[in-house]
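Take the sequence shown: its letters are residues 4 to 297, numbered as in my numbering. By construction, the Cβ of each residue, glycine as well, lies at the ideal position given by its N, Cα and C atoms. Only a predicted model underlies this, so the values are computations on that prediction, with no experimental measurement involved.
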Amino acid sequence: LNKFKGVFIAMNSCYDEQGEVSPERAKKLARHYADIGVKGLYLAGSTGEGMLQSVEERKQILQAVMEEVRGELIVIAHIGAASTRDCVELTVHAESVGADAISAVPSIYYRISEKGVEEHWQAIIDSSSLPFIMYHIPATTGFHLSKDLLGKLAKQDKVIGVKITTDSTYELQQFKRIGGEDFILFNGPDEQYVAGLIMGAEAGIGGTYGVMPELFMKIEQCFAEGKIAEAQHWQIKVNEIITELVAFPSLYGASKLILKLRGIDTGIPRMPISPIPESDYSKIEALNHKILHY
Ligand code: NGF
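Below is the structure:
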């Protein structure tokens, strides 16, 4: 399971000038991260706007990324969708193109019971031989993963971990205690990567990593070497940047503009996610400059 430990970029969506998904741009972005040397990519999650894309579009992007970085980066395909049927279709496809693992939020929109979420996830798990990572993000799904359900699912060999996007490092630690030694906690909130590592996370999946992967790799390295004060120092720097990023009309729009300034055009976010108004461009340039000079 060591291949799942480290810094995973929750990759931004990639669209062309017409707003269509762009496999070419996705390849270029994936290549950029492979050259930097991150551990892997998390595709079509919140940052990747998977929920705003069709099943077909999601397949196209995953396939393109696999063509570019298969064997170089560990690729986790988020296949979560409202319908179990779509999730299963995406899972079967993910396995066919060589993804390393799949991950899914609970079904969204309908208020699904705990039993329903269990059945939903189980259908996904059973549809391939890929490792499965639960995605716990109650702020967007409205579903709070219980310790009972986590414990039940974690007993299966294929269920290798949970991506936890809540502010509670207590919950993270509890999930680790229940999941056990070989169960991986993927830290979700980028603002507390160090805190998550201290409390049991062994990997991080984050959206803001995409504009400052080196800083998150630095945090990881300091932590691994036991230099906690230094890791904290870098986390504080990172948090200054995140505070500015989330103040824009959309975090994803801001990240995409920063990537564009670095020569990687990924288009603008899909509606209803707000693009960044031109009046904010100078602030984005200043932020990009700040990140590059840390
Ligand atoms: O984007 C969100 C929404 N959270 C991400 C991450 O936990 C999930 C987090 O990195 C993610 O990136 C994905 O599924 O693609 C935030 O962007 C970051 O902590 C800034 O607040 O909660």
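Residue i in three-state terms, based on DSSP
i: residue 251; result: coil
i: residue 136; result: strand
i: residue 242; result: helix
i: residue 296; result: coil
Residue i Cβ short of 8 Å to the ligand NGF heavy atom set
i: residue 147; result: no
i: residue 248; result: yes
i: residue 254; result: yes
i: residue 212; result: yes
i: residue 70; result: no
i: residue 269; result: no
i: residue 275; result: no
i: residue 143; result: yes
i: residue 193; result: yes
i: residue 208; result: yes
i: residue 13; result: yes
i: residue 166; result: yes
i: residue 81; result: yes
i: residue 87; result: no
Straight-line Cα distance separating residue j from residue i
i: residue 293; j: residue 15; result: 21 Å
i: residue 288; j: residue 34; result: 23 Å
i: residue 70; j: residue 30; result: 8 Å
i: residue 270; j: residue 51; result: 12 Å
i: residue 145; j: residue 217; result: 33 Å
i: residue 111; j: residue 84; result: 7 Å
i: residue 195; j: residue 238; result: 8 Å
i: residue 254; j: residue 210; result: 9 Å
i: residue 58; j: residue 278; result: 23 Å
i: residue 177; j: residue 156; result: 15 Å
Beta-carbon spacing of residue i, residue j below 9 Å
i: residue 167; j: residue 189; result: yes
i: residue 49; j: residue 140; result: yes
i: residue 185; j: residue 163; result: yes
i: residue 67; j: residue 80; result: no
i: residue 202; j: residue 175; result: yes
i: residue 101; j: residue 73; result: yes
i: residue 64; j: residue 213; result: no
i: residue 161; j: residue 192; result: no
Inter-residue CB distance, residue i and residue j (contact presumed, cutoff 8 Å)
i: residue 78; j: residue 44; result: 5 Å
i: residue 234; j: residue 8; result: Between residue 8 and residue 234 the Cβ distance is about 16 Å, and since that is not below 8 Å, they are no contact.
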